[in-house]
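I have placed the structure first, in the form of structure tokens, so that the comments after it can refer back to it.
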Amino acid sequence: MGEHAGIPLIGDKFPDLTVQTTHGKMTIPEEFKGKWFILFSHPADFTPVCTTEFYAFQQRYPEFKALNTELIGLSVDQVFSHIKWTEWINENLDTKIEFPIIADTGEVAKRLGLVHPGSPTHTVRAVFFVDPESTVRAIMYYPAELGRNFDEFLRMIKGFQVSDKQGVAMPANWPNNELFGDDVILPPASNEEEAEKRRCMEGCLDWWLCHVPVEK
Ligand code: BEZ
Numbered sequence: 070m071g072e073h074a075g076i077p078l079i080g081d082k083f084p085d086l087t088v089q090t091t092h093g094k095m096t097i098p099e100e101f102k103g104k105w106f107i108l109f110s111h112p113a114d115f116t117p118v119c120t121t122e123f124y125a126f127q128q129r130y131p132e133f134k135a136l137n138t139e140l141i142g143l144s145v146d147q148v149f150s151h152i153k154w155t156e157w158i159n160e161n162l163d164t165k166i167e168f169p170i171i172a173d174t175g176e177v178a179k180r181l182g183l184v185h186p187g188s189p190t191h192t193v194r195a196v197f198f199v200d201p202e203s204t205v206r207a208i209m210y211y212p213a214e215l216g217r218n219f220d221e222f223l224r225m226i227k228g229f230q231v232s233d234k235q236g237v238a239m240p241a242n243w244p245n246n247e248l249f250g251d252d253v254i255l256p257p258a259s260n261e262e263e264a265e266k267r268r269c270m271e272g273c274l275d276w277w278l279c280h281v282p283v284e285k
């Protein structure tokens, strides 16, 4: 997709950024080339909902890794604050946060569109899904009062990976779709001959609505 100076959008390359993290200096997306990564921002360290989010994300970290997916957090806090907060989580919730957290001065947040003009020192709860070619595949924003659903993030990564491999799309609530179970959707026919074939194909309700099993 074309270059533009604004915040990254779906389909754009993730911008090149050098960031200070709890794991030292990192250059993203270069650091994660060949892997999926999820960059997520939180309003501030030592806040209750964010603490539950970090705990929940860490619990699922092995599942993300098994999907060739890395995680990286971000807030406008100093690295010392991130370290003290993750120490607290480790000591009190018996959970070591293993993924890096960006200590931002506000520059990265501004570049990625993670700050609201009304509250420039706090990042919103935003999430970027980036594929192994460094292309932004999804962006999500949540309000401060609602902790994120990390099972949905796992579902999204699984969905992207099936979609890329098989050239299909996921129906609502996949893999528990009310009509097609864990089947996936074929892209609509793009010519009359293909449309005619689809009319009598197994799994097609019509030429533009066909479902097939996930390839193993
Ligand atoms: C929290 O994580 O608990 C939180 C952060 C910012 C505003 C409100 C709640």
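With the sequence shown counted from 1, adding 69 to any position gets you our numbering.
Ideal Cβ positions, reconstructed from N, Cα and C, are used throughout, including at glycine.
Quantities reported herein were computed from a predicted structural model and do not represent experimental measurements.
Assigned exposure category for residue i - 16 Cβ within 10 Å defines buried
{"i": "Pro212", "result": "exposed"}
{"i": "Pro98", "result": "buried"}
{"i": "Phe168", "result": "buried"}
{"i": "Ser188", "result": "exposed"}
{"i": "Leu108", "result": "buried"}
{"i": "Gly80", "result": "exposed"}
{"i": "Leu255", "result": "buried"}
{"i": "Ala135", "result": "exposed"}
{"i": "Asp114", "result": "buried"}
{"i": "His111", "result": "buried"}
{"i": "Asp233", "result": "exposed"}
{"i": "Phe83", "result": "buried"}
{"i": "Asp163", "result": "exposed"}
{"i": "Asp173", "result": "buried"}
Within 7 Å, strictly: CB atoms of residue i and residue j
{"i": "Gln127", "j": "Ile76", "result": "no"}
{"i": "Arg268", "j": "Trp277", "result": "no"}
{"i": "Val193", "j": "Tyr210", "result": "yes"}
{"i": "Glu139", "j": "Phe197", "result": "no"}
{"i": "Pro240", "j": "Asp251", "result": "no"}
{"i": "Ile170", "j": "Gly216", "result": "no"}
{"i": "Leu223", "j": "Glu132", "result": "yes"}
{"i": "Thr90", "j": "Val145", "result": "no"}
{"i": "Val177", "j": "Val88", "result": "yes"}
{"i": "Ile226", "j": "Trp105", "result": "yes"}
{"i": "Val283", "j": "Gly272", "result": "no"}
{"i": "Arg129", "j": "Phe229", "result": "no"}
7 Å Cβ cutoff, residue i in contact with chain C
{"i": "Ile170", "result": "The chain inventory of the structure shown lacks chain C, comprising one protein chain alone."}
My parser needs the alpha helix (DSSP H) runs of 4 or more residues fully inside the stretch 138-174; what are they?
148-162
Between the stretch 182-189 and the stretch 152-164, do three or more beta carbon pairs fall short of 8 Å?
no
Validate contact between the stretch 198-206 and the stretch 115-125 using beta carbons, cut 8 Å, 3 pairs
Contact between the stretch 198-206 and the stretch 115-125 is absent, because fewer than three Cβ pairs lie under 8 Å.
Using a strict less-than 5 Å threshold between each residue's beta carbon and the heavy atoms of ligand 1, what residues do you get?
Pro112, Thr116, Pro117, Val118, Cys119, Ala213
Which runs of the beta strand (DSSP E) at least 3 residues long sit entirely within the stretch 98-143? Give them in chain order.
105-110
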